[in-house]
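Heads up, the thing below is written out as structure tokens.
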Amino acid sequence: MFLISFLVLFQAGAQEIQTLPYGCQPCVDSLIKKFEHPNDFGKLESKDTLKFDYTIEIKESQEVLLFIGDPDYSFIKHTYNHQTQTIYSGRYMPKSKLTNNERVFVTLYLEKGTHKINISSYSKYDTYHFTQPYLIQGISHDYVKKKFESNNAMARIMGLGFIILFAFVSFYSAFNALVTKNQDFKNYAIYAFSIFIFLFLMEDWYAQWHFLFPEHPDWYLYLSDPAKAFILWVYLFFSEHFLALKKNNPKALRLLKILQHSLVALGIIMSLTLLISHDFGVVRKVSIIYIGPCLMCMVLFYKIITGNLNYLRYYVLLGGYVIFLGFLGSGIIALYSKAPFYRSYYQETFHGIMGFNVMQIGICIEMMVFLMAISLKNRDTLKEKEALQGLTLKQFRENEILQKEVEKLLKERLEESEKMLSSELAKTEKQGNQIELFKAQLKSLQLQMNPHYLFNSLNSINDFIISKKAEEASEYLALYARMMRNILRNSNKTFNTLELELQFCEDYLKLESLRFENRFEYKIIPPKNIIISEKKIPGMMLQTVLENAVWHGIMPLKRKGEIIIDASQSTQSEVIVKISDNGNGMPEQKLKQEKESYGLSNIQEKIKILDKLYNKKILFEMSNLPKNSGLVVKFVFPEMKDNYLEQ
4 MFLISFLVLF QAGAQEIQTL PYGCQPCVDS LIKKFEHPND FGKLESKDTL KFDYTIEIKE
64 SQEVLLFIGD PDYSFIKHTY NHQTQTIYSG RYMPKSKLTN NERVFVTLYL EKGTHKINIS
124 SYSKYDTYHF TQPYLIQGIS HDYVKKKFES NNAMARIMGL GFIILFAFVS FYSAFNALVT
184 KNQDFKNYAI YAFSIFIFLF LMEDWYAQWH FLFPEHPDWY LYLSDPAKAF ILWVYLFFSE
244 HFLALKKNNP KALRLLKILQ HSLVALGIIM SLTLLISHDF GVVRKVSIIY IGPCLMCMVL
304 FYKIITGNLN YLRYYVLLGG YVIFLGFLGS GIIALYSKAP FYRSYYQETF HGIMGFNVMQ
364 IGICIEMMVF LMAISLKNRD TLKEKEALQG LTLKQFRENE ILQKEVEKLL KERLEESEKM
424 LSSELAKTEK QGNQIELFKA QLKSLQLQMN PHYLFNSLNS INDFIISKKA EEASEYLALY
484 ARMMRNILRN SNKTFNTLEL ELQFCEDYLK LESLRFENRF EYKIIPPKNI IISEKKIPGM
544 MLQTVLENAV WHGIMPLKRK GEIIIDASQS TQSEVIVKIS DNGNGMPEQK LKQEKESYGL
604 SNIQEKIKIL DKLYNKKILF EMSNLPKNSG LVVKFVFPEM KDNYLEQ
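Quick note: to get the working numbering, add 3 to the position in the sequence shown (first position is 1).
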């Protein structure tokens, strides 16, 4: 809604073009009064240029002031004793051409005799600031400057105070963002800093430093609308993340994105319109296109009010409403006083408070409202973290108890396996049958592999719950529960279908990707010409390799990682699976040592047992990719027939 105020401001400047009557004044008091009552202005005949010729007879040499009327450009020719001096002044005159660095009042030293003064004032952009010139005698430039400064001291002090306040808010927000790592403070620091920079560099009503373009002051006009559009873009960006619209209100987010892009586009259009036409009258007519963003803003506010958001939305709406009132108040003052926009300290004020001061008051109140909202949100976040920490500590204690129980159960199962192995060994020594021995060894190894993965996953879940939101943690736990269900269902099976194993691998990679905030991508390429639900391979082999790829291949990387499971080369007679990562690989000597680790050594031992048990050789190879650009592990599983597979 506050965008509607743009239309009010543009309309406020569309008053009738007027000018002061000319004459010679002994003091500046009446000139100030003329500024106080702009209805006393006379009409200007020329649209773009005001020419004034003045001849004066000086009886005694003296210093006088020439008030040129605050045009955009002014060229003064002072002729005395057949010698002509050209003086340059005006609001947009390049700094290097200015005489005595003055834009509104020019000091002239008139010697005794006849002087001719020819003034040609040109308004390139807006004729509303035309006033006919005054020649002021007996008063110094310093007196005039102090007179005007004292007349609008309140507005000047307020304006400079606001600039300092915005700089402080920027620093305060940036400091809090650095200390607390709070994204809301970071976004708000950018917003406050953009306003500070805009007021300090672009809206310099007082000193007119023109730091950016000292030789082209009129360029500030072209940049003003895009700069304002950028500030509104940052404001909406802050609101989007502060209210978490992506999660809480996707429809409002889509509208907000459209509004952001529309504002930037319109700011550029307004700038180009002024650049091409050099006429604020045309710009005011084109400003009707702001009706579209105004309507979108109203709909957005409605969606935020009626959306599924918490109490913080009311702070955002209140802040936006206060800004709207500030812009509206600025426009009302301009309309009520019937005065042009204030361009320097020479312009008279409306009861000591300029229109832009009202706008800044609104922005200041809005900033205080938003800082309160950020603090409240930060307080709620700390409470949630404290509650989550308490829950995590409780979970750690429960996991510790569970771990002890599992270790006890594992110890008992291993003791039973050892007894079974001893019994089978005695039996096979008598009967010469080694097959049952290999089966017992195989089940013992598989029993070791399941807890190995179990505890790694539990640690992952604990870390994830500490650092992530409840919704994402819930997704993680749901995936983990599905994996544990599949493990339990197939814990007594030596072989699983290729379909089940690939699904198991995908669940594992998705879990780890969630945990490490998408530090790596993964891709699974299934076989082309075989039915994966009919092919069986030894269970829990692929996941062990993936675990090594994630922890030893991907985690040390500073770039984004990638893991590929490629089973596309599989045939009817054998299943070929390649697992590769884009890590740094490993030295050839370490490749052999790596196979001696807990998980990979179990794979080697399991392959040996399967070979002895079923007379099927499984190929297991590890090799570096070229230029140590990663590691690839290759499995070749021969066809396993149902008549000797364990069910």
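Cβ atoms here follow ideal geometry from the backbone N, Cα and C, with glycine treated the same way.
Give the straight-line distance between the Cα atoms of residue i and residue j, rounded to the nearest whole angstrom.
i	j	result
I566	S583	6 Å
K620	M486	28 Å
V58	A158	In the sequence under discussion, the amino acid at residue 58 is Thr, which differs from the Val named in the question. Computed Cα separation, rounded: 38 Å.
A255	S576	56 Å
L622	K637	7 Å
E478	K250	15 Å
F214	K115	40 Å
K539	D614	15 Å
P559	G586	8 Å
F330	G141	42 Å
I122	S64	21 Å
E369	Y191	12 Å
M205	S227	7 Å
L480	E520	16 Å
N252	A232	24 Å
F640	W554	25 Å
L53	Y128	14 Å
V502	K513	Residue 502 is actually Glu in this sequence, not Val. Straight-line Cα distance between these residues: approximately 17 Å.
I404	I612	34 Å
C508	H264	42 Å
S626	R488	33 Å
Taking only three categories from DSSP, how would you classify residue i?
i	result
M543	coil
K306	helix
Y112	strand
S604	helix
L501	helix
I120	strand
Y137	strand
V107	coil
D228	helix
N627	strand
K496	coil
F519	coil
C300	helix
D614	helix
D75	coil
F640	strand
E369	helix
T102	coil
I568	strand
I579	strand
L560	coil
K619	coil
N179	helix
Starting from residue i, follow its DSSP beta bridges and name the residues at the other end.
i	result
L385	Looking at the DSSP assignment, L385 forms no beta bridge with any residue, so it has no partner.
F188	In the DSSP output, where bridge partners are listed per residue, F188 has none listed.
M486	Looking at the DSSP assignment, M486 forms no beta bridge with any residue, so it has no partner.
H81	Q88, I120
L258	None, per the DSSP bridge assignment.
L69	V109, L138
E60	T117
I528	D569
D651	Because residue 651 is not part of the residues shown, which for the chain are 4 to 650, the question remains open.
Y125	T52, Y76
How many whole angstroms separate the CB atoms of residue i and residue j, which I take to be in contact at a CB cut-off of 8 Å?
i	j	result
G588	L549	Contact doesn't hold; Cβ gap of about 17 Å is too wide.
F201	A230	5 Å
V302	L266	No, V302 and L266 are not in contact; Cβ-Cβ is about 15 Å, not under 8 Å.
S77	S92	5 Å
G332	V361	4 Å
D569	I533	Going by Cβ atoms, the distance from D569 to I533 rounds to 14 Å, so no, they are not a contact pair.
V147	Y194	V147 to Y194, Cβ: 39 Å. No contact.
H144	I120	Actually they are not in contact, since the Cβ atoms of H144 and I120 sit about 17 Å apart, beyond 8 Å.
L542	N499	For the sequence presented, residue 542 should be read as Gly rather than Leu. Between N499 and G542 the Cβ distance is about 4 Å, and since that is below 8 Å, they are a contact.
S173	F199	5 Å
Three or more C-beta pairs below 8 Å linking the stretch 66-79 and the stretch 100-112: yes
Three or more C-beta pairs under 8 Å: does that hold for the stretch 253-271 against the stretch 214-224? no
The stretch 313-332 touching the stretch 234-252, judged by at least three CB pairs closer than 8 Å: yes
Mind the definition here: the stretch 175-192 touches the stretch 385-394 only if three or more C-beta pairs lie below 8 Å; say whether that holds. no
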